[in-house]
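To start, the structure under review is shown below, and the notes come after it.
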Amino acid sequence: MYTQIHFCTKKVCFMRVISFLNPKGGSGKTTAVINVATCLSRKGLNVAVVDTDPQMSLTNWNESGKAQFDVYTAASEKDVYEVRKGLKDYDYVVIDGAGSLSVITSAAVMVSDLVIISVTPSPLDFSASGSVVTVLEAQAFNRPVDARFLINRKVNQATMLRVLKDSIANTGIKVFKTGITQRQVYVKTILDGETVFETSDSGAKGEIEVLTNEILATFE
Ligand SMILES: Nc1ncnc2c1ncn2[C@@H]1O[C@H](COP(=O)(O)OP(=O)(O)OP(=O)(O)O)[C@@H](O)[C@H]1O
Ligand SMILES: [Mg+2]
25 MYTQIHFCTK KVCFMRVISF LNPKGGSGKT TAVINVATCL SRKGLNVAVV
75 DTDPQMSLTN WNESGKAQFD VYTAASEKDV YEVRKGLKDY DYVVIDGAGS
125 LSVITSAAVM VSDLVIISVT PSPLDFSASG SVVTVLEAQA FNRPVDARFL
175 INRKVNQATM LRVLKDSIAN TGIKVFKTGI TQRQVYVKTI LDGETVFETS
225 DSGAKGEIEV LTNEILATFE
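As numbered in our numbering, residues 25 to 244 make up the sequence shown, in order.
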């Protein structure tokens with residue numbers, strides 16, 4: 025259940041919903057959501073993040089209350105269906121998908137303006153993402169939803185990256201030019217309830233900044 029009720033006070037509301045999905049656990053969804061949502065918030069945007077994972081990793085990350093955005097927990101798909109109405113006063117609502125295939129994934133696709141499929145160079149991650157593509161294709165008969173792949177935990181392994189990019193190309197869904205590199209700073213900051221923006225790691229901060237701009241550009 026949501027803990028706050030929001031009323032849209034603006035003449036026209038432009039709330040956008042972005043979901044990070046891949047039912048394969050460990051593909052870097054929560055880490056990406058926390059850093060991208062922080063980056064959106066640092067741009068002066070009003071951001072809510074919805075944690076749909078039964079393990080509540082994002083909610084637990086915010087135990088110390090350092091998040092620069094509001095955190096909501098969705099206990100069921102019903103809560104996900106309600107985000108457009110319940111959180112309409114925000115500029116951006118970012119949904120952190122669950123690490124297993126569930127009705128929540130379909131609900132998230134239905135309420136989203138943009139679906140970001142987070143994949144790592146691991147072939148197992150890619151095959152799991154196929155279920156999100158299937159939901160997107162089914163949804164397209166009612167209301168097409170824009171989607172992009174995001175290459176996460178990127179390593180300098182040319183062959184693995186080429187295979188991944190070929191697999192992505194076969195789906196017909198675009199991929200963000202900017203990926204998130206495999207870096208220890210992502211692991212450490214999340215453990216400390218923080219983000220890369222509390223560090224001096226300009227490489228990590230830079231890639232999140234450029235990725236966030238790419239995400240925003242999809243709405244132009
Ligand atoms: N860019 C990165 N560099 C290094 N480690 C990373 C990176 N992104 C995520 N990780 C690590 O990989 C693990 C899984 O990341 P994360 O929890 O973000 O994935 P997830 O997709 O949300 O998983 P789940 O589906 O289980 O919720 C964590 O230990 C995290 O610290
Ligand atoms: Mg997660």
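We put the CB at the ideal spot given by N, CA and C, even for glycine.
Note that the structure is predicted; figures quoted are calculated from it, not measured.
Three-state class that DSSP yields for residue i in the structure shown
i    : result
I232 : helix
L111 : coil
D103 : helix
S43  : strand
S142 : strand
R66  : helix
Of the residues the options, the one placed nearest residue i, counting alpha carbons only
i    : options                : result
L82  : A61, L235, R66, I128   : A61
L125 : N86, Y210, D149        : D149
D216 : V169, L69, N84, S65    : N84
T54  : N86, N194, K67, D113   : N86
T144 : N166, D113, S191, V135 : S191
Y114 : A241, E218, R40        : R40
G154 : N166, V169, T195, M134 : T195
T213 : T223, A122, I204, Q181 : T223
G110 : A122, D120, Q206, Y96  : Y96
E106 : V57, M134, D94, F93    : M134
F200 : A164, S151, I141       : I141
V71  : A91, Q163, P78         : A91
Same chain only: Cβ atoms within 7 Å of residue i, ignoring 5 sequence neighbours per side
i    : result
T202 : E231, V234, L235, E238
M184 : P145
6 Å Cβ shell around residue i - same chain, five flanking residues per side excluded
i   : result
A98 : V74, T76, V104
Boundaries of the alpha helix (DSSP H) in which residue i is found, first to last residue
i   : result
D23 : Absent from the model: residue 23. The displayed extent of the chain is 25 to 244, so no value can be given.
First through last residue of the beta strand (DSSP E) which encompasses residue i
i    : result
F150 : Per DSSP, F150 belongs to no beta strand (DSSP E); it is in the alpha helix (DSSP H), 147-163.
A131 : Run containing A131: none in the beta strand (DSSP E); it sits in the alpha helix (DSSP H), 127-135.
Cα-Cα separation, residue i to residue j
i    : j    : result
N59  : F221 : 8 Å
Q208 : R177 : 10 Å
S226 : L188 : 27 Å
V179 : V127 : 32 Å
Y26  : I197 : Only weak support exists for where Y26 lies, its pLDDT of 46 falling under 50; the coordinates are left without a value.
I29  : C63  : Caution applies to I29, whose pLDDT of 39 falls short of 50 and renders its modelled position unreliable; the value that the coordinates give is listed next. For I29 and C63, the distance between alpha carbons rounds to 24 Å.
E218 : Y210 : 9 Å
A164 : S151 : 21 Å
A162 : G68  : 35 Å
CB contact check: residue i to chain C, cutoff 8 Å
i   : result
A56 : The chain labelled as chain C is not found in the depicted structure, where only one protein chain is given.
Ligand 3 heavy atom lying under 7 Å from the CB of residue i
i   : result
G89 : Ligand 3 is not part of the structure shown, which contains ligand 1 and ligand 2 as its ligands.
Sequence-distant residues of the same chain with beta carbon closer than 8 Å to residue i, five excluded per side
i    : result
G137 : Residue identity check: residue 137 is Asp in the sequence provided, not Gly. Only R40, V41, I42, V169, D170, F243 meet the Cβ criterion.
T129 : L45, P47, G121, A122, S155, V156, V159
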